[in-house]
Each structure stands twice: as C-alpha cells, then as structure tokens.
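Chains as they are written, first to last, in the numbering used here: chain A, 1 to 80; chain B, 1001 to 1601. Glycine residues also receive a C-beta, built at the ideal position from the N, C-alpha and C atoms.
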C-alpha cells in the first residue's frame, strides 16, 4: 500500500497515519494541544458503528473525535 | 510554630491523578469552593510539614493555558496572578508525551515549577519506563516520581517545592501549543523506553468488549441495570432502619417537649410537621445516594464513563447535543441538582445549556421509590417484573430527553454544532476507600444539606395545611377540592396535583402526601405495605389508568426546588424557569395522551 493522502476520519481501526496539516479552523489549537501536529503519528483504534465518532491513539493517549472534526486533519496513510 | 507559608498550584490534564495527589497531601483539611464569578469548583487545602505550611490549590484539569473553556480560564488566571508561588505540573507516566505539552507551557510561563511524574509504578507495570534524570536535565526543573495511590514520593515533592521556591521567579512568555507539542515529542522520544511488546494490551482487550460493535450496548445496559438494582434494593433495608430510628427519636422529642409544658398543638407542629417530614426526606434520600454515588464514582475512577459518552455520541448527536450529555443524565439519575452541576464537563455553552434544561426529564432517586411503589401495587407483583417496568420508565425518559434536546437545538438553543474532543483515559483499578469517602463528602452530603434546608420549612407548611380547619375539612382538603378540576383534566385528581405541588421541595414526600390526603389525616401517616396502600388508593377511586398517569406525571414534572435553585445560581432566573416549565409541559402532554388513549380503549 502506498502512502496516500487522507483525512483522519477516513482511517479505519488499526490503520496508521502521519499528520501533514491542520485545517485552520477554530478547533485547530485544541487539536494541537492534544498532539495532532505536523509529523505526529496517529492510529485509529475504534470507530463507532455509524462512523460518527472515532478514537485515535496520539502521543500515547486515546482521544475521540467526531467525523466532522477529524476531517479537518490531513494526513498520509502509513503502511504497517 | 508556622514560620512560612508556600502557595502551590497543581496543574495537569484531566485524569492524571492530580486530585489523588492533592487528597493524599491535604487529607480532610480542604474545602471546595467556586472560583469568584465562575461556576468552576476549585479545591484548596493545607499540608503542614515542620515549620512550613503548604497551601495547595487543585486547579481544574485542562489541556492548555490558552483559555477556551471556563476551567482553562480559571487555571490560566491563577497562573498569571500572584496566587501561586510554585506550581506542581502533574504528568501521567503512561502517557508522558501528551501530558508534557501542558507541563512545558507551564514551565515556559513560570520557571518555579516542580514536575510530578505520577503513576510511575503503573507505567512500570505496563512496561513503560521513564528516565527521570534525563527528564530533569531536559526540562531544567526538578522532577519527582510519585505514586499518589500509596503516597510515595510526597516528601520528595514537598522538598522540591521548597528548593525551587528559592529560585528566580521571573515569568516568561507562554509557549504555543504547537511548539510545546514538538518539544514534548522530542523529550518523550529521549526519556521513554517501552519494554513491553504492547503496553496498551489492557485497553485493547477491555475496549474490545466495552466499545465492541455487538457488546457495547448490552454491557452498558447491564451496568445501568446493575447500578439501579443495587441502589434500589441495597437502599431498601437501611432506609427502613433509618426511618424507624428517626421516628423513635421523634417520639422522644415529643415526650420531652410535653414534659416541659409545651402545648400539644405546638409539639405536634414541631414533631409531626417539621421533624417528621425532614426525617422522612433524610431516610428515603440518604441510603440510595450513599449507594448510587459511590458506584457511579467507581465507574468514573475505573475509566468507563468516557466510553459511555463515546458509545452514545451518535444518539445524542441526533438530539443536537454531545455524548457527554449521557454522563450528566446518569448523574441526574442520582440527583437532578448534581446532574446540573455535572454539566460543567460539557465544554461548549450551547450543548451545556441543552443538557441543563433537559436534566429534569431524568427521574432522580427521590422519584424512584414512589414510581416503584405504584408499579408494584398496580402492575407487577414480582420484583423482576417491576425492575423491568422501571427499566422501561428510564428508557422513556431517555427518549424524551433526546426528543426535547432536538427541539431545543432547533429553537431556543440554535447554533453551530461545536467541535469537541473526548479523551478515553487508560483503565485503572479504582481506589475504593477514597472513592467512598469523596463521593459521600462531595456529592451526597451536598445534596442532603440542601434537601434538609428545604424539607424543614415544607414540613411546617404541610402541617399547617393539614391541621388548620377550613370549610368542612382542612386547608389541605379545601385546596385539593379547588385543584380537582385541573387534576381530573389530566386524568388524576386534586389530591394528587396538590401532592405534586407540595412535594416541590422534595419529591420523596409526594406519595406520602397523597396518602395523607386520602386518609384525611392531619399528618403524613405511615401507610405501610403495598396491600394497604392499594386498598387506600382504590378506595379513593384510582384505576390502573390513574396510576399510569401519576407515574407519567411524576416522571415528567417540575424538578425539585434544589435543582431549580442550582440552575438559577448557575444559569439565571430565565433558564431556571425554563428548566421547570419544560418537564411540566412534557408531563401534561403525556397525561393528556394517556387520557385520550384511555377513552379510546
């Protein structure tokens, strides 16, 4: 699998990605404090049945984001 | 002899064990108060060591010093002001990188900081080792390892505070979150060694069950039913014992009042009115609270509650709120007033207001005994069947909450859906002793104190109504007659409606008040046993349909005065009135629907 540009909401449980860019929304500073910064490794660990909310492992902590908010984080999918 | 005082502020992300450290330092020498002008609870406490008095402040858990919520604003203001001389930045060893982001910001602003590496033993157990010396070198401030659970490292922490206090306290400029996150990654990369193959194995296994596609909801329902069952059955016996003891005490009180020559009517007013109503509220209210809140806090401590918010986020998204609303609803099951204060965990003001306004739609512990009684008298004899009915009642209230939230978010709480993040902390073994002490002190006594302060005057009013003659009967029966048309309109009667109105200070007394009205007693008597109660109610003309309407109305009517006062204090009069009006309208509507269905059948 090649490194493909995605947004975080597209990740499925078990998939890894590296953050490339945060869209400049009002939520961006909060995401940065949680560790979603350029170059950060993120793994999707859970996804609700409807896909409305997913949990990500970032900086060693598990943080859940809603689909709309996760879509503001651009990333490169990282093959295992 | 106290020679000096050092003021220390404890800062850290939520769930890093900051409060545990605070509690182990201050013990019972602490108090929680609201930050001036804000509804954010800040606990302060003292610790004496030799000739030094440490005054500690447990600041609200936050993710950054750029204020985006009331909690963060309080923390930032505290750090900017001269309130704290030294700061303790608490880190969670198991998620060092993330907790360093805030710590680096604190250090950049205030170099008189001691970094506390908490849960170090927990980290070792999971196979995560942190090089303390290296961390100290890289951060340039003292780093102490603590395990707040068993109190190790507390002495070192205090000594480190004394030593950094001598340092130059020149304030720096605040590091941006991005810069802090970059630096945190660098530091964590150098200080952390992971020896276990997978340090997150526990989380993976447990989350597989708790968040699993097919298991999440059944497990959640199981937990909910389990807690409700334990609360209801576990509180039954202590409630009866407490009531017996308090009633006996009342007789002693009456005896001593009579012996000093108090007129019988005054003694009856004091004992049957003020004392017995208060005793009744305490004995019905205290045991369920003392069971429910510790159980709830245990789940909180274990780390399960944020998972509930995760599972239910979808449902609450449909209601226009956020998943955290499910947690405030759970707290409302214990007590609506606690649910209202609990809404502080919701960051965005719009979603928070929705949660506050709908908190009264969840039946609290005070409403349960009455509802259960009516279910077992009119519908289900066995314990299992009435538990099932009770589950149904809770589901109806959840459905109503979602529907009303939806309505609010498209009318008076319109606005942008706000972004939010929800942390799913590592699972931890709950500290049972501490949980019980803290939940009894913080939640149960808080609620009890306020309930007693309204129950006593209510007792006086009820006694007067039941004993002052008017027309053919008493003021009580006169008022019930006046309210009768309104009650009939809703499928109930005047006595029921009057009982709900007089039960405003405490929902626990609604059913006893009805019985008092039907038996024409001047005091709240003790009609005991379901058979006897059934006989009294049937004699008063109750049909199963009446009972259903009463259950519906007790589920949805104005919350108790304590809840309304809490909403008023935090959200102003307008919202307090709305919080009373919304559930009442729901109840009226439901009763009318029931009546309509009843006439059709």
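Q. Tell me which same chain residues have a C-beta within less than 7 Å of the C-beta of residue 1435 of chain B, skipping the five on either side of it?
A. Indexing the second chain from 1 puts residue 1435 of chain B at position 435. Counting only Cβ-Cβ distances below 7 Å, and skipping sequence neighbours, we find 1294, 1297, 1298, 1301.
Q.
I'd like to know if residue 1121 of chain B contacts chain A, where contact means its C-beta is closer than 8 Å to some C-beta of that chain.
A. Counted from its first residue, the second chain places residue 1121 of chain B at position 121. Cβ-Cβ to chain A under 8 Å: no for residue 1121 of chain B.
Q: For residue 1505 of chain B, count neighbouring C-beta atoms within 10 Å of its own C-beta (all shown protein chains included) and say buried if the count is 16 or more, exposed if not.
A: Taking the first residue of the second chain as position 1, residue 1505 of chain B is located at position 505. So residue 1505 of chain B counts as buried.
Q. Residues of chain B with CB under 9 Å from residue 20 of chain A, in chain order?
A. Taking the first residue of the first chain as 1, we reach residue 20 of chain A at position 20. Those do not exist, as residue 20 of chain A stays about 14 Å from chain B at its closest Cβ, beyond 9 Å.
**Q.** Cβ-based burial, residue 1601 of chain B [other Cβ within 10 Å; buried from 16]
**A.** Within the second chain, the letter at position 601 stands for residue 1601 of chain B. So residue 1601 of chain B counts as exposed.
Q.
Check whether chain B comes within 8 Å of residue 65 of chain A, counting only Cβ atoms and requiring the distance to be less than that.
A. Walking along the first chain from the start, residue 65 of chain A turns up at place 65. So yes, residue 65 of chain A belongs to the interface.
Q | Whole beta strand (DSSP E) elements within the stretch 1411-1497 of chain B, 3-residue minimum | A | 1421-1423
**Q.** Neighbour-count burial assignment, residue 5 of chain A, 16 or more Cβ in a 10 Å radius
**A.** Locating residue 5 of chain A in the first chain gives position 5, counting from the first residue. Exposed: under 16 other Cβ atoms inside 10 Å.
Q. Is it right to say residue 1173 of chain B is buried, meaning 16 or more other beta carbons lie within 10 angstroms of its own, or is it exposed?
A. Within the second chain, numbered from 1, the residue matching residue 1173 of chain B stands at position 173. Residue 1173 of chain B should be labelled exposed.
Q) Considering residue 54 of chain A, what are the terminal residues of the beta strand (DSSP E) in which it resides? A) Counting from one through the first chain, the residue named residue 54 of chain A turns up at place 54. Here the beta strand (DSSP E) through residue 54 of chain A covers 53-58.
Q: Decide if residue 1489 of chain B is buried, meaning its Cβ has at least 16 other Cβ atoms within 10 Å, or exposed.
A: Locating residue 1489 of chain B in the second chain gives position 489, counting from the first residue. With fewer than 16 other Cβ atoms within 10 Å, it is exposed.
Q: Output, in sequence order along the chain, the residues in the stretch 40-53 of chain A whose CB is closer than 8 Å to any CB in chain B.
A: 40, 45, 46, 48, 49, 50, 52, 53
Q: Compare the Cα-Cα distances from residue 1055 of chain B to each of B:1153, B:1015, B:1162 and report the closest residue.
A: One-based indexing of the second chain puts residue 1055 of chain B at position 55. When each option's Cα is compared against that of residue 1055 of chain B, the closest is B:1162.
Q) Is it the case that the Cβ atoms of residue 1090 of chain B and residue 1017 of chain B are separated by a distance below 8 Å? A) Your numbering for residue 1090 of chain B matches position 90 in the second chain. Your numbering for residue 1017 of chain B matches position 17 in the second chain. Yes, they are a contact pair.
Q. Going by C-alpha distance, which of B:1494, B:1480, B:1478, B:1268 is nearest residue 1459 of chain B?
A. Position 459 of the second chain, counted from the start, is the residue given in the question as residue 1459 of chain B. Of the candidates B:1494, B:1480, B:1478, B:1268, the one whose C-alpha sits nearest the C-alpha of residue 1459 of chain B is B:1268.
(Q) Would the stretch 1100-1120 of chain B count as touching the stretch 1179-1188 of chain B if we require 3 or more Cβ pairs under 8 Å? (A) yes
Q: Please list the residues of the stretch 1090-1101 of chain B that have a C-beta atom closer than 9 Å to any C-beta atom in chain A, keeping them in chain order.
A: 1092, 1094, 1095, 1096, 1097, 1098, 1099, 1100, 1101
Q: Give the straight-line distance between the Cα atoms of residue 45 of chain A and residue 1207 of chain B, rounded to the nearest whole angstrom.
A: Working through the first chain from its first residue, we reach residue 45 of chain A at position 45. Working through the second chain from its first residue, we reach residue 1207 of chain B at position 207. About 9 Å.
(Q) Which residue marks the beginning of the beta strand (DSSP E) containing residue 1118 of chain B, and which one marks its end? (A) Counted from its first residue, the second chain places residue 1118 of chain B at position 118. Start and end: 1113-1118.
Q: Tell me where the alpha helix (DSSP H) around residue 1605 of chain B begins and ends.
A: There is no way to answer for residue 1605 of chain B, as the model of chain B reaches only from 1001 to 1601.
Q: Enumerate in chain order the residues of its own chain whose CB-to-CB distance from residue 1352 of chain B is below 6 Å, with the five nearest sequence positions on each side excluded.
A: In the second chain, the residue the question calls residue 1352 of chain B occupies position 352. Answer for residue 1352 of chain B: 1343, 1346, listed in chain order.
Q) Of all the CB atoms in chain A, is at least one closer than 8 Å to the CB of residue 1177 of chain B? A) Within the second chain, numbered from 1, the residue matching residue 1177 of chain B stands at position 177. It does; some Cβ of chain A falls within 8 Å.
Q | For residue 1053 of chain B: DSSP bridge partner residues | A | Your numbering for residue 1053 of chain B matches position 53 in the second chain. Note: residue 1053 of chain B sits in a beta bridge opposite B:1005, B:1048.
Q. Does the separation of the CB atoms of residue 1328 of chain B and residue 1359 of chain B fall below 8 Å?
A. By 1-based counting over the second chain, the position of residue 1328 of chain B is 328. By 1-based counting over the second chain, the position of residue 1359 of chain B is 359. In this structure, residue 1359 of chain B lies closer than 8 Å to residue 1328 of chain B by Cβ.
Q: Provide the residue span of the alpha helix (DSSP H) that contains residue 1018 of chain B, from first to last.
A: Here residue 1018 of chain B refers to the residue found at position 18 when the second chain is read from its first residue. Here the alpha helix (DSSP H) through residue 1018 of chain B covers 1018-1026.
Q: Return the Cβ separation of residue 36 of chain A and residue 18 of chain A in integer angstroms, given the expectation that the two are a contact with Cβ distance under 8 Å.
A: Locating residue 36 of chain A in the first chain gives position 36, where the first residue counts as 1. Locating residue 18 of chain A in the first chain gives position 18, where the first residue counts as 1. Contact doesn't hold; Cβ gap of about 11 Å is too wide.
Q) Quick one: does residue 1314 of chain B have its CB under 8 Å from some CB of chain A? A) Numbered from 1 along the second chain, position 314 holds the residue referred to as residue 1314 of chain B. Answer yes: the Cβ-Cβ gap between residue 1314 of chain B and chain A drops below 8 Å somewhere.
Q. Does the beta-carbon of residue 1306 of chain B have 16 or more other beta-carbons within 10 angstroms, so that it is buried, or is it exposed?
A. For the purposes of this step, residue 1306 of chain B is taken as the residue at position 306 of the second chain. Label assigned to residue 1306 of chain B: buried.
Q: Can you give me the start and stop residues for the beta strand (DSSP E) that residue 1152 of chain B sits inside?
A: Start at 1 with the first residue of the second chain, and residue 1152 of chain B comes out as number 152. Looking at the DSSP string, residue 1152 of chain B is not in any beta strand (DSSP E), and its letter there is neither H nor E.
Q. Which residue or residues does DSSP assign as beta-bridge partners of residue 1264 of chain B?
A. Within the second chain, numbered from 1, the residue matching residue 1264 of chain B stands at position 264. In the DSSP output, where bridge partners are listed per residue, residue 1264 of chain B has none listed.
Q. For residue 1251 of chain B, which of B:1096, B:1260, B:1276 has the nearest alpha-carbon?
A. Taking the first residue of the second chain as position 1, residue 1251 of chain B is located at position 251. Ranking the options by Cα distance to residue 1251 of chain B, first place goes to B:1276.
Q: Buried or exposed for residue 1318 of chain B, please, with buried defined as at least 16 other CB atoms from any protein chain shown within 10 angstroms of its CB.
A: Here residue 1318 of chain B refers to the residue found at position 318 when the second chain is read from its first residue. Exposed.
Q: For the beta strand (DSSP E) holding residue 1088 of chain B, just list the boundary residues, first then last.
A: Reading the second chain from its first residue, position 88 is the one you call residue 1088 of chain B. Per DSSP, residue 1088 of chain B belongs to the beta strand (DSSP E) from 1086-1092.
Q: Starting from residue 76 of chain A, follow its DSSP beta bridges and name the residues at the other end.
A: For this step, residue 76 of chain A is matched to residue 76 along the first chain. Answer is A:5, A:18.
Q. Between residue 1142 of chain B and residue 1168 of chain B, what straight-line distance do the alpha-carbon atoms span, to the nearest angstrom?
A. As a position in the second chain, residue 1142 of chain B is number 142, starting the count at 1. As a position in the second chain, residue 1168 of chain B is number 168, starting the count at 1. Cα to Cα, residue 1142 of chain B sits roughly 14 Å from residue 1168 of chain B.
(Q) Spatial neighbours of residue 1175 of chain B within its chain, please: C-beta separation below 7 Å, excluding the five flanking residues on both sides. (A) Along the second chain, read from residue 1 onward, the residue named residue 1175 of chain B stands at position 175. So the list reads 1104, 1105, 1108, once near-sequence residues are dropped.
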